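There are 4 protein chains.
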Amino acid sequence: MKATVFHGPRDVRVETVPDPTIKSPTDAIVRITRAAICGSDLHSYHGSQPVVPGFVLGHEGVGVVEELGKGVSHLKKGQRVVVAGAVACGECFFCRRGQVAQCSVSGAAVFGYGKNFAGTFGEIGGEQAEAVTVPLADYTCFPLPDSIPDDAAVFLADILPTGYFGALNGDIEPGDTVAIFGCGPVGLCSIITAQLFGPAEVIAVDNFPYRLDLARKLGATAVKVDEAQKYILERTDGRGADVAIEAVGHISALEAAFQAVRGGGTLSMVGVISDPSISFPMMAAFMKDLTFRTGLANIRSNIPHLAKLMERGKIDPRPIVSHTLALDETPYGYKIFDARSEGALKVLIKP
Amino acid sequence: MKATVFHGPRDVRVETVPDPTIKSPTDAIVRITRAAICGSDLHSYHGSQPVVPGFVLGHEGVGVVEELGKGVSHLKKGQRVVVAGAVACGECFFCRRGQVAQCSVSGAAVFGYGKNFAGTFGEIGGEQAEAVTVPLADYTCFPLPDSIPDDAAVFLADILPTGYFGALNGDIEPGDTVAIFGCGPVGLCSIITAQLFGPAEVIAVDNFPYRLDLARKLGATAVKVDEAQKYILERTDGRGADVAIEAVGHISALEAAFQAVRGGGTLSMVGVISDPSISFPMMAAFMKDLTFRTGLANIRSNIPHLAKLMERGKIDPRPIVSHTLALDETPYGYKIFDARSEGALKVLIKP
Amino acid sequence: MKATVFHGPRDVRVETVPDPTIKSPTDAIVRITRAAICGSDLHSYHGSQPVVPGFVLGHEGVGVVEELGKGVSHLKKGQRVVVAGAVACGECFFCRRGQVAQCSVSGAAVFGYGKNFAGTFGEIGGEQAEAVTVPLADYTCFPLPDSIPDDAAVFLADILPTGYFGALNGDIEPGDTVAIFGCGPVGLCSIITAQLFGPAEVIAVDNFPYRLDLARKLGATAVKVDEAQKYILERTDGRGADVAIEAVGHISALEAAFQAVRGGGTLSMVGVISDPSISFPMMAAFMKDLTFRTGLANIRSNIPHLAKLMERGKIDPRPIVSHTLALDETPYGYKIFDARSEGALKVLIKP
Amino acid sequence: MKATVFHGPRDVRVETVPDPTIKSPTDAIVRITRAAICGSDLHSYHGSQPVVPGFVLGHEGVGVVEELGKGVSHLKKGQRVVVAGAVACGECFFCRRGQVAQCSVSGAAVFGYGKNFAGTFGEIGGEQAEAVTVPLADYTCFPLPDSIPDDAAVFLADILPTGYFGALNGDIEPGDTVAIFGCGPVGLCSIITAQLFGPAEVIAVDNFPYRLDLARKLGATAVKVDEAQKYILERTDGRGADVAIEAVGHISALEAAFQAVRGGGTLSMVGVISDPSISFPMMAAFMKDLTFRTGLANIRSNIPHLAKLMERGKIDPRPIVSHTLALDETPYGYKIFDARSEGALKVLIKP
């Protein structure tokens, strides 16, 4: 089959690779009908997250079940499914609590990442390809209703549950003011899903005008980075935001979020900082009675209600799609998404 | 001053009564700029809730602080306020927990009800009048920002927090299906506020086409009573609604709500059944693992965040207003609201 | 094998019946090492819950896995397990939420009840026997650590999770006063487990002195029925209990619980009233802002943490055991438990 | 009056100072009957938290109301009260949410700290003295029932609510394993109060044998620092503690807590690290889906239920008292508590 293969930093190519196979009775093979490029794929693309050359990239995919291992009991051939970006068994201590990103059976294996996040199965191939082998398919695949088209469904594979995870971790209550730092695809998904908790105002902070415009269309108030603190204080009687969400993955955004949140508030970090440790403003956190949360999103456990909201038309992430490319054009997709050029936001791939 | 006075069942008149006075140091006098007729006023109007002839009616009002007792420290003369329909001290065991409807200092006194709900102050005059004495004014009055006009603010006095109370008591979670039985003003306020909790669908049930139309405009799906059960099952894979809200105050609506809610779901009753006891389907409740909640709304503790949502344009109850009348026309307002004639929904009064 | 067979009201006999068999690939056969008689077995014993003569009774059992269907993947032969009294699949919409008593795959089938609670498998034989077939064994069986002896473990099958369900449904917070009506085995299990939520006082109400004595030993204050209301008010500054738990299953106890609970409190009903409907004090519930919960316990989802608490010595229900009988003596056990004679509380059976 | 006066690092003296006076109508004067030395007083004692020489120390006190400002309405002369260590108004945005440590009226002023924590009142004198002026006395003072003796009640002023805050912030659920790093007075109070949430095991970690002994008496399992990680993994099937509480205020204890907590767990930091910023293991926190909470305890809002638990005999912190000294001996108390000599734990002062 054809697939997007990593060859080195900033060098991805679409090539022919061996077809995926059933390796374990709980595997399924899914023929991909829509995939996407995720912000975290750029860590691989930059080489900051090492991937072995020759490995297939991508962890966001929607498709049709093509083949089933003998131990798969809940899926049927021909069924449309979204594949959760991180494998989960659905039955261990963690999965029973909904903390599927800590799944002790899969070891939180992620598609298309190579040795990092390889989990207990060894490496799992990526989904920017014509097909993929899905381990623990009974739970990792989620059957889709016909009413959710591929272009929306592919958001369920990671980016929308991740944005939602950021919102959920914020403990937002009706009437709250929420400040979201960063309006890339994850931040925009947090903007969409934060509104499920009834905030009075979602304040989006970024510097790219086209991202701020989209943030506004999705329901937020939008301000530039250097105007953010002043605006947030004005809108909260000088107290600060009830909830701040960091959706950039950069120390400067994290610091801004610390500054923006009110005493007793919650800071939810959904951006990924790849430094093993950072300088944490402990005294400020102490004086502010802060709740700080960060982590890998619990993707699979949050898909069902997000899918239901999509089905009923309550959330629609498709405005975040900036480009839909053929599989051959994936390298171009990486390039523009990395450069934030041509208004690139969510880049979809149609194998 | 002029006020709406109860004379007997279906006999209310606008007459001149003595001006309100400061009786306790914690009182304030508020000049009413907008009042409203509430569904629960109809209990008095019908005589099913006995009120002594000569008593002034009404517990929904917005106005301007005119005079202050010496013990009032947080209000200023000339300040615009909404008066919470039920008095609360803000400091007792119950008020500290936000359960202001159980306030042990005020005894949950309600304006304009006479001996019922008289609380610990004795009877408190009504607000369908030019002015009113507000006990425990420091907490019972809530200062309004200029950006909330009287027509919206008057909803904060009771009906919107009551509708919200029904939604809050439903434990709605993102992606839930919520069935609301009854599209009178309370039910419509539950429709508006249930959406603060991110449901996938709010299904409104009523028989009056003009109410169903408004329910749709406010974001719900709307169905007639005899189509409700079938529709609810269809929309929930045959399980039933995650949450059912009874907003009629009638045993038939309560039974429909019991039938509509799924196993493990929540039934929130915000309608008022004036029978001291009813027949409760205990075995069904047991088999369904039901949570059932009912009660007087905790008005005052829910005003701040509802006001903030109004200020930011996230909720707007004004589409529920069907008539705005001069104080002299209040008897006419009672008449059409009682008859559900002339498309009557929320009837406002402008003294 | 030998088993306890229902022959008619107050007529149960121990007889030889066919051995249990694997009927479905997800079944297991468990050889019972300890069973028990439950208060709800008395409904069958009395004939108020119809059981077909010849049916094997009992839904509380601990034992050793003897045979496994081919589709069982998490159990091993020879493993000690407790069998959850109600079958659950662990994977459906309800089980994923922990609402296993609503399991849509098993239909909440209960062992030893005949056509009532037969669920989707048809009738499931009882556990007051030498062995039993367990459907959906992977989830319905819970492996036991060696440190929990059979006499304690058998409580995990139903009665302890049921008592805990009553406590959990009470929303108990640290410092609360909890009133528990009824000190039979379920009430006593609620007394034990209510203390997991940090109440300042658990007030146990019953009329049998030996039950009140045991309630005291298990950590409660204990009062007779006619002294209860006065005592509860005295201990709560006249407000009433924060939480009331009904553990009798009788309308008079339910009414006492309604009277005892404070405004804004929670009434959790864990006793079973077999009347299809009861007279519910709606106006009192309304004025008190009441939360009322009732239902079949979610047994299986609450076993893991209760087992952990048992393993660490934090809870020990064994003081509730009044008799341990040989299987042949089961009819005698029914007799004394029904009569509340000979200090009967929890009667265990040792096949 | 006589009071404990700061003169410089490790130099505190008991001297005669001016009597406290009513400065504002909402003040009260409380004659101290029992005070205490807190671990955070050692920051002042060491000079690491600068206090102006001549200032009176202490923020933990119980006493009798001696004089009342005209605006105090809930207290009476002669009433026994505990004084919350941090002043709170009870009415602002934050106090209404129970987040009294963020009180916008008092600015979270703390007794006996000088310019740090001076809040909006300017400096507030300390309670290691014969009497103290209490601002916003209506809420800052909490009336005591006779059944709580001074030696227990003085723990309500700060250390017990602080230990409880650490436990509360841990989101402990029934059956959890909780690891508490540090068995000084705060850690011991966390051990006592963590048990209000039903953990299966509280594992206390320290190196001082007398502190570990006391931890065991208070209900914990106790291990030395270098054995902690291995023990915690053994007791949790290799997962790590569900909740870790840091009660030392040192980076090494915080790192141990990070290592000890399981994926998806909560790390509650109640120790105070005075460094403005620390090195935070961001990648570990991310991979573990961590909730991290730190902050000044919300003392006043947690006193009522802790007092009720004390009144009912459910919690008793008096075993933590190692010394009760006369006011003149306070300097000696500082010396031994600082040196951890003579088995010093909680040192009380009896003026």
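Each protein sequence line maps, in turn, to chains L, H, C and Z. Those letters in the first sequence? Residues 1 to 351, per my numbering, in order. Those letters in the second sequence? Residues 1 to 351, per my numbering, in order. Those letters in the third sequence? Residues 1 to 351, per my numbering, in order. Those letters in the fourth sequence? Residues 1 to 351, per my numbering, in order. Even glycine gets a Cβ: it sits at the ideal position worked out from N, Cα and C. Quantities reported herein were computed from a predicted structural model and do not represent experimental measurements.
Item checked: Reference V82(C), options A241(C), A194(C), T33(C), A284(C), closest by Cα -> Walking along the third sequence from the start, residue 82(C) turns up at place 82. Checking every option, the nearest Cα to that of V82(C) belongs to T33(C).
Notebook entry, point to check: Which of the three DSSP states, helix, strand or coil, is assigned to V248(H)?
Noted result: Residue 248(H) sits at position 248 when you count from the first residue of the second sequence. DSSP places V248(H) in coil when its eight states are reduced to three.
Notebook entry, point to check: Are the C-beta atoms of P143(C) and some chain Z residue less than 8 Å apart?
Noted result: Stepping through the third sequence from its first residue, residue 143(C) is reached at position 143. Judged by the 8 Å Cβ criterion, P143(C) is not in contact with chain Z.
Item checked: Identity of the residue in M1(Z), V17(Z), A297(Z), G8(Z) nearest L156(Z) by Cα -> Along the fourth sequence, read from residue 1 onward, the residue named residue 156(Z) stands at position 156. Residue A297(Z) is the option with its Cα nearest to L156(Z).
Notebook entry, point to check: With a cut-off of 8 Å, does the C-beta of I124(C) fall near any C-beta of chain H?
Noted result: Stepping through the third sequence from its first residue, residue 124(C) is reached at position 124. No - not a single Cβ of chain H is within 8 Å of the one on I124(C).
Check: From the beta carbon of F181(L), is the nearest beta carbon of chain Z less than 8 Å away?
Finding: Here the question's residue 181(L) lines up with position 181 in the first sequence. Not one chain Z Cβ lies under 8 Å of F181(L).
Note to self: I'd like to know if the segment 242-252 of chain H and the segment 175-186 of chain H are in contact, where contact means that at least 3 CB-CB pairs between them fall below 8 Å.
What the structure shows: yes
Notebook entry, point to check: At a cut-off of 7 Å, is Y332(Z) close to the ligand ADP when judged by its beta-carbon and the heavy atoms of the ligand?
Noted result: Ligands in the displayed structure: none, and consequently the ligand ADP is not present.
Item checked: Whole-Å CB distance - Y113(Z) paired with N302(Z), under 8 Å assumed -> Position 113 of the fourth sequence, counting from 1, holds the residue named residue 113(Z). Position 302 of the fourth sequence, counting from 1, holds the residue named residue 302(Z). With 8 Å as the limit, Y113(Z) and N302(Z) do not qualify as a contact, their Cβ atoms being about 20 Å apart.
Notebook entry, point to check: Exposed or buried, what is R235(H) when buried is set at 16 or more other beta-carbons lying within 10 Å of its beta-carbon?
Noted result: For this step, residue 235(H) is matched to residue 235 along the second sequence. By the neighbour-count rule (16 or more Cβ atoms within 10 Å), R235(H) is buried.
Item checked: R312(L) versus I192(L) - alpha carbon distance -> Translated into positions along the first sequence, residue 312(L) becomes position 312. Translated into positions along the first sequence, residue 192(L) becomes position 192. One C-alpha to the other measures close to 15 Å.
Margin query: Whether or not the segment 212-226 of chain Z and the segment 285-292 of chain Z are in contact is what I'm after, with contact meaning three or more pairs of Cβ atoms, one per stretch, closer than 8 Å; do they touch?
Written below: no
Item checked: Neighbourhood of A361(H) by C-beta distance below 7 Å, restricted to the same chain and skipping five residues each side -> Not covered by the structure: residue 361(H). The range shown for chain H is 1 to 351.
Notebook entry, point to check: For the segment 12-57 of chain H, which segments carrying the alpha helix (DSSP H) assignment without a break, of at least 4 residues, lie completely within its bounds, in sequence order?
Noted result: 41-46
Notebook entry, point to check: Nearest chain C C-beta to P174(Z) closer than 8 Å, yes or no?
Noted result: In the fourth sequence, the residue the question calls residue 174(Z) occupies position 174. Cβ-Cβ to chain C under 8 Å: yes for P174(Z).
Check: DSSP state of L218(C), grouped into three classes?
Finding: Counted from its first residue, the third sequence places residue 218(C) at position 218. Residue state, collapsed to three classes: coil.
Check: From D226(L), G69(L), Q99(L), pick the residue whose C-alpha is nearest to that of A253(L); which is it?
Finding: Reading the first sequence from its first residue, position 253 is the one you call residue 253(L). For the residues D226(L), G69(L), Q99(L), the minimum Cα distance to A253(L) belongs to D226(L).
Next item on the list: With T140(L) as the anchor, note down where its alpha helix (DSSP H) starts and where it stops.
Entry: Taking the first sequence and counting its residues from 1, the one referred to as residue 140(L) is at position 140. 137-140 is the span of the alpha helix (DSSP H), which, as asked, contains T140(L).
Checklist line | Cβ pair A131(L), R31(L) closer than 8 Å | finding: Position 131 of the first sequence, counted from the first residue, corresponds to residue 131(L). Position 31 of the first sequence, counted from the first residue, corresponds to residue 31(L). Yes, Cβ-Cβ distance for A131(L) and R31(L) is below 8 Å.
Item checked: Host beta strand (DSSP E) of R80(H) (start-end) -> Mapped onto the second sequence, residue 80(H) falls at position 80. Element bounds for R80(H): 80-83.
Check: Considering only residues of the same chain and omitting the five flanking positions on each side of L214(Z), which have a CB-CB separation below 8 Å?
Finding: Numbered from its first residue, the fourth sequence carries residue 214(Z) at position 214. If we look at L214(Z) and ignore the five residues flanking it on each side, its Cβ neighbours are C183, L188, P319, I320, L345.
Notebook entry, point to check: G333(H) and I37(H) look like a contact to me (Cβ under 8 Å); what is the Cβ gap, rounded to whole Å?
Noted result: By one-based count along the second sequence, residue 333(H) stands at place 333. By one-based count along the second sequence, residue 37(H) stands at place 37. About 5 Å separates the two Cβ atoms, so the contact holds.
Check: Is there a Cβ from chain C that is less than 8 Å from the Cβ of G170(Z)?
Finding: For this step, residue 170(Z) is matched to residue 170 along the fourth sequence. Cβ-Cβ to chain C under 8 Å: no for G170(Z).
Check: From what residue to what residue does the beta strand (DSSP E) around V186(Z) run?
Finding: Within the fourth sequence, residue 186(Z) is the residue found at index 186, counting from 1. Element bounds for V186(Z): not the beta strand (DSSP E) but the alpha helix (DSSP H), 185-194.
Notebook entry, point to check: Over what stretch of residues does the beta strand (DSSP E) that includes S279(C) continue unbroken?
Noted result: Taking the third sequence and counting its residues from 1, one reaches residue 279(C) at position 279. S279(C) -> beta strand (DSSP E) spans 278-280.
Item checked: Rounded straight-line distance, which links the Cα of L160(Z) to that of M1(Z) -> What you label residue 1(Z) is simply residue 1 of the fourth sequence in a count that begins at 1. What you label residue 160(Z) is simply residue 160 of the fourth sequence in a count that begins at 1. Computed Cα separation, rounded: 28 Å.
Notebook entry, point to check: Residues of chain C with CB under 8 Å from Q102(H), in chain order?
Noted result: Taking the first residue of the second sequence as position 1, residue 102(H) is located at position 102. Result: R262, G263, G264, K288, D289.
Note to self: At a CB distance below 9 Å, what residues from the segment 83-98 of chain L approach chain C? Give them in sequence order.
What the structure shows: G90, E91, F93, R96, G98
Item checked: Other residues of its chain near E127(H): CB distance less than 7 Å, five sequence neighbours each side excluded -> Position 127 of the second sequence, counted from the start, is the residue given in the question as residue 127(H). Once the five neighbours on either side are set aside, the close Cβ partners of E127(H) are I32, A35, G58, H59, E60, G61, V83, F111, G112.
Notebook entry, point to check: Among F6(Z), V56(Z), G85(Z), which one has its Cα closest to the Cα of V154(Z)?
Noted result: Translated into positions along the fourth sequence, residue 154(Z) becomes position 154. Closest by alpha carbon: G85(Z).
Notebook entry, point to check: Is any beta-carbon of chain A found at less than 8 Å from that of L309(C)?
Noted result: The structure shown contains no chain A; its protein chains are L, H, C and Z.
Check: Do A256(L) and A241(L) have their C-beta atoms closer together than 8 Å?
Finding: For the purposes of this step, residue 256(L) is identified with residue 256 of the first sequence, where counting begins at 1. For the purposes of this step, residue 241(L) is identified with residue 241 of the first sequence, where counting begins at 1. Against a cut-off of 8 Å, the Cβ pair of A241(L) and A256(L) comes out as no contact.
Item checked: Integer Cβ distance of I29(Z) from E67(Z), believed to fall under 8 Å -> Counting from 1 along the fourth sequence, the entry for residue 29(Z) is found at position 29. Counting from 1 along the fourth sequence, the entry for residue 67(Z) is found at position 67. Yes, I29(Z) and E67(Z) are in contact; Cβ-Cβ is about 4 Å, under 8 Å.
Check: Which residues in the same chain have their Cβ closer than 7 Å to the Cβ of S104(L), if we skip the five residues on either side of it in sequence?
Finding: In the first sequence, the residue the question calls residue 104(L) occupies position 104. Result list for S104(L): C92, F93, F94, in chain order.
Checklist line | Cutoff 7 Å; reference Y139(C); Cβ partners in own chain excluding five residues on either side | finding: Start at 1 with the first residue of the third sequence, and residue 139(C) comes out as number 139. Cβ within range, chain order: A88, C89, G90, R300.
Item checked: Residues that K314(C) contacts on chain Z, provided the C-beta gap is smaller than 7 Å -> Taking the first residue of the third sequence as 1, we reach residue 314(C) at position 314. A200, listed in chain order.
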